[in-house]
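Q:
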Amino acid sequence: MLVGLHRVAVLVLEGAKPLDVGIPAQVFTTRASMPYEVRVCGAAAGLVTGGDGLSYHVAHGLETLTWADIVFIPGYRFPGRDDPPPAVVDALITAHNRGARLAAISTGAFALAATGLLDGRRATTHWHYTRAFATKHPRIQVDENVLFVDEGRVLTSAGAASGLDLCLHILRGDLGVAASNHAARRLVAAPYRSGGQAQYVPRSVPEPLGERFAATREWALHHLSETLTLSAMAQHAAVSPRTFSRRFADDTGYTPMQWIMRARIDVARELLERSQRTVEQIATDVGLGTGSNLRRHFQHILGTTPTDYRRTFTEGT
Numbered sequence: 001m002l003v004g005l006h007r008v009a010v011l012v013l014e015g016a017k018p019l020d021v022g023i024p025a026q027v028f029t030t031r032a033s034m035p036y037e038v039r040v041c042g043a044a045a046g047l048v049t050g051g052d053g054l055s056y057h058v059a060h061g062l063e064t065l066t067w068a069d070i071v072f073i074p075g076y077r078f079p080g081r082d083d084p085p086p087a088v089v090d091a092l093i094t095a096h097n098r099g100a101r102l103a104a105i106s107t108g109a110f111a112l113a114a115t116g117l118l119d120g121r122r123a124t125t126h127w128h129y130t131r132a133f134a135t136k137h138p139r140i141q142v143d144e145n146v147l148f149v150d151e152g153r154v155l156t157s158a159g160a161a162s163g164l165d166l167c168l169h170i171l172r173g174d175l176g177v178a179a180s181n182h183a184a185r186r187l188v189a190a191p192y193r194s195g196g197q198a199q200y201v202p203r204s205v206p207e208p209l210g211e212r213f214a215a216t217r218e219w220a221l222h223h224l225s226e227t228l229t230l231s232a233m234a235q236h237a238a239v240s241p242r243t244f245s246r247r248f249a250d251d252t253g254y255t256p257m258q259w260i261m262r263a264r265i266d267v268a269r270e271l272l273e274r275s276q277r278t279v280e281q282i283a284t285d286v287g288l289g290t291g292s293n294l295r296r297h298f299q300h301i302l303g304t305t306p307t308d309y310r311r312t313f314t315e316g317t
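With UniProt numbering as the guide, the letters of the sequence shown map in order to residues 1 to 317.
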């Protein structure tokens with residue numbers, strides 16, 4: 001669990017995309033519920049020409065990377081053309097070597113790849129650039145069908161919107177699911193989209209079908225304490241179980257029952273963080289019946305026990 005103020009650098013490179021810059025700057029903005037300090041920097045302090053007709057006046061240079069605990073690298077225009085300046089690459093490597101996390105949004109993955117730190121690892125970038133990314137960096141295991149990839153201290157995400165998913169994922173790891181859900185509500189964002197969800201799925205079905213599925217997911221979240229079956233969810237969506245199961249997996253990266261289980265574990269996490277309810281009581285609250293059942297699924301999904309999780313996210317509070 002995160003203890004004390006955490007330092008976040010947002011590194012603005014030439015051609016930086018405005019959404020990619022703004023997302024981490026806004027998500028991690030300093031406030032009572034968010035123990036972060038954010039500094040926006042560039043290769044040097046001053047004016048940085050951005051993409052989409054915008055420029056940025058940054059107050060800090062690369063010295064900020066010696067200060068930061070986590071460095072975000074927003075996407076930028078024409079990423080395959082040239083690598084970032086050697087000073088930027090060296091500063092990123094130095095930051096990583098002293099323990100900082102490096103998180104690339106969209107085409108920022110090209111700058112992170114230039115450091116060599118992604119070699120031999122899984123990574124992603126915007127679907128439009130995955131082929132160019134794989135060609136330029138053949139040692140990287142490029143996954144074009146995910147929203148983000150967490151490889152520990154190097155993280156990558158797809159397009160701008162998935163940068164928000166990556167930020168919320170980092171928040172969950174730092175502060176717990178309650179803080180992440182609070183931030184998602186503040187930003188009017190989906191509280192959880194898995195990193196394994198496809199970033200772009202060509203569709204041949206009418207859009208109202210997707211709208212019904214979103215409504216069904218929302219309905220399911222309000223009925224987690226009840227018995228939820230594939231048939232019941234398909235009936236709510238007004239499609240056959242076979243169609244529902246196939247399209248649901250396309251939308252979320254999970255089967256309906258896998259998604260339900262993860263939703264139950266997420267609610268259990270929040271209850272462990274914010275309430276004094278016992279493991280047995282929480283198991284009933286989230287529809288898992290017994291504490292033994294909750295412990296088994298909690299261990300499988302999160303790799304820890306409910307008791308250890310509660311201890312981690314209540315220390316120092």
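Glycine included, every Cβ here is placed at the ideal spot set by N, Cα and C. Given the structure is predicted, the values throughout are model-derived calculations rather than measurements.
Determine the extent of the beta strand (DSSP E) in which H6 is found, giving its start and end residues.
A: By one-based count along the sequence shown, residue 6 stands at place 6. Start and end: H6 to L11.
Q: Assess, as a yes-or-no matter, whether the stretch 17-25 is touched by the stretch 153-165 under the definition of 3 or more beta carbon pairs within less than 8 Å.
A: Yes: the two stretches touch, three or more of their Cβ pairs being nearer than 8 Å.
Q: Under DSSP, the beta strand (DSSP E) around E144 begins and ends at which residues?
A: Within the sequence shown, the letter at position 144 stands for residue 144. That residue, E144, is in no beta strand (DSSP E); it is neither H nor E in DSSP.
Q: Please name the residue or residues paired with S157 in a DSSP beta bridge.
A: Here residue 157 refers to the residue found at position 157 when the sequence shown is read from its first residue. DSSP output for S157 lists F148 as bridge partner(s).
Q: Who pairs with F72 in a beta bridge, going by DSSP?
A: One-based indexing of the sequence shown puts residue 72 at position 72. According to DSSP, F72 bridges with V10 and A103.
Q: First and last residue of the beta strand (DSSP E) that includes S55?
A: Translated into positions along the sequence shown, residue 55 becomes position 55. Counting along the chain, the beta strand (DSSP E) containing S55 begins and ends at S55 to V58.
Q: Report the residue ranges of all beta strand (DSSP E) runs contained in full by the UniProt domain "HTH araC/xylS-type" (214-312); include only those spanning at least 3 residues, in chain order.
A: If we require 3 residues or more, the UniProt domain "HTH araC/xylS-type" (214-312) turns out to have no beta strand (DSSP E) run fully inside it.
Q: Pick out whichever of R186, R172 and Y129 has its Cα sitting closest to the Cα of L302.
A: The residue labelled residue 302 in the question sits at position 302 within the sequence shown. For L302, the nearest C-alpha among the options comes from R172.
Q: Do you know how far the Cα of F298 is from the Cα of A265?
A: The count along the sequence shown starts at 1 and reaches residue 265 at position 265. The count along the sequence shown starts at 1 and reaches residue 298 at position 298. The amino acid occupying residue 265 in the given sequence is Ile; Ala does not appear at that position. I265 and F298: Cα-Cα distance of roughly 6 Å.
Q: Would A114 pass as a contact of T156 if the rule is Cβ separation under 8 Å?
A: Against the sequence shown, residue 114 aligns to sequence position 114. Against the sequence shown, residue 156 aligns to sequence position 156. No, these two residues do not count as a Cβ contact at 8 Å.
Q: To the nearest angstrom, report how far apart G116 and Q141 are at their CA atoms.
A: On the sequence shown, position 116 is the one that residue 116 refers to. On the sequence shown, position 141 is the one that residue 141 refers to. The straight-line gap from Cα to Cα measures roughly 13 Å.
Q: Okay, do the stretch 45-56 and the stretch 3-18 touch, 3+ Cβ pairs below 8 Å being the bar?
A: Cβ pair count under 8 Å is three or more, so yes.
Q: Below 8 Å on the Cβ atoms is my contact criterion, and I expect L112 with V154 to pass it. Report the Cβ-Cβ distance as a whole number of Å.
A: On the sequence shown, position 112 is the one that residue 112 refers to. On the sequence shown, position 154 is the one that residue 154 refers to. Indeed, because the Cβ distance is near 7 Å, the residues count as touching under 8 Å.
Q: Can you pull the DSSP bridge partners for V89?
A: Position 89 of the sequence shown, counted from the start, is the residue given in the question as residue 89. Answer is none; V89 lacks a bridge partner.
Q: Can you name the start and end residues of the beta strand (DSSP E) that T49 belongs to?
A: Walking along the sequence shown from the start, residue 49 turns up at place 49. Taken as a continuous stretch (DSSP letters only), the beta strand (DSSP E) holding T49 covers G46 to T49.
Q: Assuming residue 332 contacts E37 under a Cβ cut-off of 8 Å, what Cβ separation, rounded to an integer in Å, is found between them?
A: The requested residue 332 does not occur in the structure, where the chain is confined to residues 1 to 317.
Q: Would you give the residue range spanned by the beta strand (DSSP E) that R39 belongs to?
A: The residue you call residue 39 lines up with position 39 of the sequence shown. Per DSSP, R39 belongs to the beta strand (DSSP E) from Y36 to C41.
Q: Do you know offhand how far D285's Cα is from A132's?
A: Translated into positions along the sequence shown, residue 285 becomes position 285. Translated into positions along the sequence shown, residue 132 becomes position 132. For D285 and A132, the distance between alpha carbons rounds to 48 Å.
Q: Using CA atoms only, rank isn't needed, just tell me which of H236, L102, A109 and A234 is closest to D83.
A: Here residue 83 refers to the residue found at position 83 when the sequence shown is read from its first residue. Here the closest residue by C-alpha is A109.
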